[in-house]
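In terms of the UniProt record's numbering, the sequence shown opens at residue 1 and continues consecutively. The structure under discussion appears below in the form of structure tokens.
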Amino acid sequence: MVASRNGSLAASLLLTAANILIPLSILVFATGFFPYKPFLPGLAEFEPLEYGSPPKAPFDRLVFMVVDALRSDFVFSEASEFQFTQSLIRDGSAIPFTANARSPTVTMPRIKAITTGSIPSFVDLILNFDEADTSSTLAAQDTWLSQLKAKETGKLVMYGDDTWLKLFPETFDRHDGTSSFFVADFTEVDNNVTRHIHNELEKDDWSLMVLHYLGLDHIGHKSGPRSAHMPGKQREMDGIVHQLFSALETKSHLESTLLVLCGDHGMNDAGNHGASSPGETSPALVFMSPKLKEISSRYPAPAQPKNEYDYYSTVEQSDISPTLAALLGFPISKNNLGAFIPEFLPFWPSSSDKVQILIRNARQILNIVTAAFGGELFDAQASIDPCAAKPTDTSELACEWRTINSEASSQVDAKEVDQAWLSATSAWIRKAQDLMSSMASNYDLSRLSLGQGLSVIAVIASVASLGLQGFWQAGFLLPLFALAASYGPMMFASSYVEEEHHFWYWTSTIWLAYLGAREVKRSSRLSAVSSHVVALGALRLTRSWNQTGQKFAGEPDTVKTFLIPNPELLWAFITLAYVVVTFQTLQSSSGLPYILATSLMPALFLATFTFKLAFTAEDAPELVVGFAHNLLDIFQGPSLILRARIIFGILAALYGLAIYRAKTGGPRASQSSSELVHHLCTLLAMTQSRATNIPLFLLSSIILQTLQLANLSVAEITTSSILLQYTTFFAFGGSNAISSVDLSSAYNGISGFNVVAVGLLTLVSNWAGPIFWTSATNLLLLQKHRQGRADAFRYHLILLTIFVSTSVAFVIAACTALRTHLFIWTVFSPKYLYCMAWSLGQHLLINVAFGSFLFWVGA
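Below is the structure:
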């Protein structure tokens with residue numbers, strides 16, 4: 001007896017250690033994998049060169065117009081509605097490019113790349129979602145905005161996405177920011193920008209006007225790039241270009257103004273962004289001014305792409321920074337890795353000016369190269385000859401630099417600069433840019449190794465904990481161990497990571513089929529056969545609900561094909577879901593006073609259903625038609641914030657009543673209380689889910705009922721839980737791409753940004769399916785508990801921890817082994833972030849902490 005108690009204590013300690021080591025390994029590894037890079041403070045100044053004074057700038061003002069998610073084909077293709085912009089390209093008043101936007105393709109890192117010319121840290125991806133973050137500010141960094149402000153030639157004004165205000169605090173003299181996260185608004189968010197333009201064009205006190213439009217991006221998120229709203233939005237944006245360009249032609253104080261139209265990123269076929277598909281990394285870039293007719297080659301428009309979205313010449317987004325520096329006459333930013341775009345060199349007929357522009361750009365990048373690799377190879381006076389050294393990227397760069405630099409003086413005095421020297425210098429800058437850009441992270445290998453070691457120890461500790469408890473007492477372990485062993489190696493293949501959902505869809509199907517076949521073998525009853533057939537049908541429908549992954553994003557699925565074209569059918573399913581769950585909640589509240597139960601349940605139904613109706617009317621108004629629209633008219637009233645708070649208040653009150661009844665009412669009360677808590681969890685998950693995903697909870701309930709009828713061991717319950725948590729995560733529209741993160745419900749019930757509240761609401765909305773299955777698993781485990789398995793939940797936690805620690809160890813190993821892989825920042829790093837969310841959020845916070853609470857309520 002004592003030995004058994006000691007073994008149980010040791011097992012608990014090992015389990016606790018494993019669950020402490022999991023987040024510790026993740027965080028230690030992250031500090032070595034995602035170092036937060038400091039930038040050089042202060043502003044660059046023109047260094048004296050032997051070639052004379054800096055070249056005279058052809059422009060003195062800048063209108064920088066960003067259309068969020070402006071993919072290249074939206075402007076340049078035959079299907080584009082940017083008719084006026086295309087006419088400017090044809091007559092030489094505009095020079096077009098496709099700008100390569102490196103992953104992560106979200107707004108904050110892209111604005112950093114555009115304004116500093118540098119490669120932002122991957123940590124900026126996380127900071128992009130933190131509306132209160134100030135650690136990523138560019139106030140102390142060298143950007144073309146700070147250079148323009150330092151010139152003191154005019155005020156800086158900004159209208160549009162408030163990301164600019166967070167990045168550049170105290171920079172703009174006049175501004176009006178709009179939030180980018182409420183994606184249902186296609187109109188007002190852009191009208192708030194446009195209403196300022198006329199007045200600003202009449203004024204002559206500014207040198208920079210930034211306009212950042214969000215409506216096109218919102219249309220993409222809501223209904224994709226082929227949305228019926230897209231042509232009209234393109235015409236609207238083209239009309240803004242027309243208004244701005246007409247002012248440049250007619251107003252004397254704007255005659256030397258440069259207008260730049262660009263996207264911060266593109267979008268994929270589903271309308272999302274954040275990853276590295278061609279559509280996401282190919283925004284349009286157009287420089288416009290009547291002055292450009294002097295140098296333009298007059299390009300055809302519309303145009304045919306060389307590849308899928310590759311129109312005209314392709315430049316890096318970071319190239320905008322040094323190009324604007326030359327065109328507006330200020331020094332290139334200290335941290336710039338961009339290359340001056342050579343198409344603009346004809347603005348300077350003097351050989352000296354052309355040489356200066358390229359040499360200043362080259363020397364500025366050379367400062368960064370020598371800081372990274374040392375300056376001895378690049379020093380002409382050094383004894384080492386890089387051209388004779390062992391060929392490496394660095395020695396080849398140093399060898400080419402010596403040649404270019406030595407010939408520069410002779411080019412200054414030449415009547416015409418040698419085209420070969422110009423091409424070689426531009427190529428050298430591009431080569432240095434590529435070399436430094438490929439050094440996306442200075443990995444701390446010791447921290448990577450430590451993180452890997454901690455994750456392996458977590459695996460050993462969790463397996464040892466199971467051994468001390470007794471392997472055989474958990475049930476048949478082979479399926480669970482086979483699941484962990486087959487899932488882990490997938491993390492080393494980019495295609496498997498991108499299309500991970502297929503693994504979970506097929507394994508969950510095989511698992512339910514196996515359980516069904518076993519049940520049929522045990523019992524030939526027709527009900528057993530039909531139940532599992534219905535469950536497999538529900539799972540098949542669940543799998544087809546939302547298309548996900550990378551290769552087939554935007555392809556037809558149940559939502560796009562059947563529900564969105566038939567919104568009344570959708571609302572019939574939604575109404576059915578709310579009626580069923582509310583009725584189940586009423587049934588589970590049998591121990592409550594009759595008057596209280598019969599008054600709370602209708603209030604709960606009305607609160608949850610009408611909130612979803614009102615929220616959808618704001619988020620996707622095209623779905624609220626027919627009887628849903630009539631109901632909305634009847635239940636007009638409170639704001640969305642108040643509606644959400646009412647729901648959370650009623651749910652909290654019912655949670656409290658359920659806990660009180662479970663702990664004071666005996667075994668029958670505990671059972672009904674645990675069912676009540678499950679239904680309340682379901683209602684919370686439904687509140688945080690998109691309207692189109694609500695019917696999925698009905699399908700999950702059908703599968704749960706089948707599992708409740710089967711006599712599953714603890715290991716089989718855990719295996720089912722893992723499979724269905726992952727399956728529903730992907731079925732709800734999740735993926736391993738940052739572009740699939742849904743922020744639409746992140747602010748339910750709160751009026752301002754709060755990192756804890758927004759973080760929890762985001763977790764619940766994106767992991768609504770897995771959270772349902774955490775609660776459902778609790779019901780299955782309580783069944784075992786009431787059958788005499790007092791240790792059921794402990795075994796479940798041990799098995800969960802074995803799977804999670806194993807998956808973490810494999811993901812860390814994959815990121816370490818593939819840290820130089822082409823897709824490290826586009827596939828494997830986002831997967832690591834999702835691994836963090838699954839391990840820290842879903843496993844520790846939901847499965848362990850919340851699951852323990854649920855089990856305590858019902859036990």
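Glycine residues also receive a C-beta, built at the ideal position from the N, C-alpha and C atoms. Keep in mind it's a predicted model, so treat the numbers as computed, not measured.
Please report the distance separating the alpha-carbon of residue i from that of residue j.
i: Tyr443; j: Phe34; result: 8 Å
i: Thr281; j: Gly215; result: 19 Å
i: Leu712; j: Ile650; result: 34 Å
i: Asp133; j: Ala139; result: Because the pLDDT of Asp133 is 45, which lies under 50, any placement of that residue in the model is unreliable, and the number read from its coordinates should be weighed accordingly. Distance between the alpha carbons of Asp133 and Ala139: 13 Å.
i: Ser409; j: Val417; result: 11 Å
i: Asp130; j: Ser296; result: Below a pLDDT of 50, predicted positions are generally treated as unreliable, and Asp130, at 47, falls in that range; the measurement from the model is reported next regardless. If you take the alpha carbons of Asp130 and Ser296, they lie about 42 Å apart.
i: Val355; j: Ser839; result: 54 Å
i: Ile89; j: Thr98; result: 14 Å
i: Ile111; j: Asp264; result: 7 Å
i: Lys222; j: Glu716; result: 39 Å
i: Ile564; j: Phe611; result: 19 Å
i: Ala270; j: Ala10; result: 50 Å
i: Ile359; j: Arg298; result: 28 Å
i: Ser850; j: Leu397; result: Note on residue identity: the sequence assigns Phe, not Ser, to residue 850. Rounded to the nearest angstrom, the two C-alpha atoms are 56 Å apart.
i: Ala388; j: Phe378; result: 13 Å
i: His229; j: Gln83; result: 17 Å
i: Arg447; j: Ile812; result: 11 Å
i: His679; j: Leu779; result: 11 Å
i: Thr762; j: Ser735; result: 15 Å
i: Gly470; j: His796; result: 13 Å
i: Arg430; j: Met209; result: 29 Å
i: Ala325; j: Ser227; result: 38 Å
Could you tell me how far apart the beta carbons of residue i and residue j are, in whole angstroms, since I believe they sit closer than 8 Å?
i: Arg739; j: Ala275; result: Here residue 739 is Ser; the residue named in the question, Arg, does not match the sequence. Indeed they touch by this definition, with Cβ atoms about 5 Å apart.
i: Asp142; j: Thr105; result: The pair is not a contact, with the Cβ atoms about 24 Å apart (cut-off 8 Å).
i: Ser673; j: Ala685; result: 19 Å between Cβ atoms; not a contact.
i: Phe855; j: Phe793; result: 5 Å
i: Gly160; j: Lys293; result: About 29 Å separates the two Cβ atoms, so there is no contact after all.
i: Val63; j: Tyr213; result: The pair is not a contact, with the Cβ atoms about 13 Å apart (cut-off 8 Å).
i: Leu782; j: Ala710; result: The Cβ separation is near 15 Å, so there is no contact.
i: residue 871; j: Leu337; result: Residue 871 lies beyond the residue range present for the chain, which begins at 1 and ends at 859; the question has no answer from this structure.
i: Phe615; j: Tyr578; result: Incorrect: roughly 13 Å between the Cβ atoms, too far for contact.
i: Ser805; j: Ala18; result: 6 Å
i: Ser80; j: Gln234; result: 6 Å
i: Gly769; j: Ala731; result: 7 Å
Taking 9 Å as the cut-off, decide whether the C-beta atoms of residue i and residue j are in contact.
i: Leu699; j: Leu515; result: no
i: Ala171; j: Lys151; result: Looking at the sequence provided, one finds Thr at residue 171 rather than Ala. It is not a contact, given that the beta carbons lie outside the stated cut-off.
i: Ser721; j: Thr664; result: no
i: Ala474; j: Val848; result: no
i: Thr801; j: Ser465; result: yes
i: Trp545; j: Phe627; result: no
i: Phe492; j: Ala814; result: yes
i: Thr507; j: Leu723; result: yes
i: Pro290; j: Gly266; result: no
i: Asp190; j: Gly177; result: no
Tell me the DSSP secondary structure of residue i in three-state form.
i: Ile846; result: helix
i: Phe573; result: helix
i: Phe64; result: strand
i: Phe84; result: helix
i: Arg174; result: strand
i: Lys551; result: coil
i: Cys387; result: coil
i: Trp506; result: helix
i: Ser207; result: strand
i: Arg71; result: strand
i: His221; result: helix
i: Asp161; result: strand
i: His273; result: coil
i: Phe609; result: helix
i: Thr257; result: strand
Examine the ligand HEM and report whether any of its heavy atoms sits within less than 8 Å of the Cβ of residue i.
i: Ala757; result: Among the components of this structure there are no ligands whatsoever, and the ligand HEM is therefore not found.
List, from N- to C-terminal side, the alpha helix (DSSP H) runs of 4 residues or more that fit wholly inside the region 298-380. 320-328 and 351-373
Restricting to runs no shorter than 4 residues, where is the alpha helix (DSSP H) found entirely within the region 666-691? 667-687
With a floor of 4 residues, list each alpha helix (DSSP H) that falls wholly inside the region 772-858, ordered by position along the chain. 792-817, 829-836 and 851-858
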